[in-house]
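Heads up: the sequence shown runs through residues 40 to 126, numbered per the numbering used here.
Heads up, the thing below is written out as structure tokens.
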Amino acid sequence: MNVSPADAREKLLEYLLGEKCTIVKEGADEIQWAISTIAEEGLSLSRFNDKVLLSVAMRRNALLATFDVKLRRQATKLGLRVVPETV
């Protein structure tokens with residue numbers, strides 16, 4: 040990905056401290072959706088955290104900030120907005 044830890048930290052702090060950022064605590068609905076989706080898609084439980092993040096973003100119609108290529112791909116398939124636009 041060719042992003043230095045210092046650059047990643049700077050960008051993450053920019054997002055976290057921005058007025059559009061919302062920190063949320065997941066609930067039972069997000070966890071249930073994540074587990075159900077993993078089962079339906081025949082995925083490993085190693086994808087659980089990604090599915091929880093996707094569920095939260097979908098339910099809140101939130102922008103998803105990630106450098107994770109797999110997570111970005113999944114989010115895009117679900118019609119979620121992802122930043123940064125390119126990695």
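No residue lacks a Cβ here, since even glycine has one placed at the ideal position from N, Cα and C.
Residue i versus residue j - alpha carbon distance
i, j, result
"V42", "I77", "30 angstroms"
"Y54", "E80", "31 angstroms"
"V122", "L102", "7 angstroms"
"G66", "S75", "14 angstroms"
Residue from the options whose Cα sits closest to the Cα of residue i
i, options, result
"F87", "Y54, D46, V108 and Q71", "Q71"
"T125", "E69, L52 and R111", "R111"
"L92", "S83, G81 and A104", "A104"
"M97", "L119, T115, F106 and S83", "L119"
DSSP three-state assignment for residue i, whether helix, strand or coil
i, result
"A104", "strand"
"V126", "coil"
"V42", "coil"
Bridge partners - residue i, DSSP secondary structure assignment
i, result
"V121", "L103"
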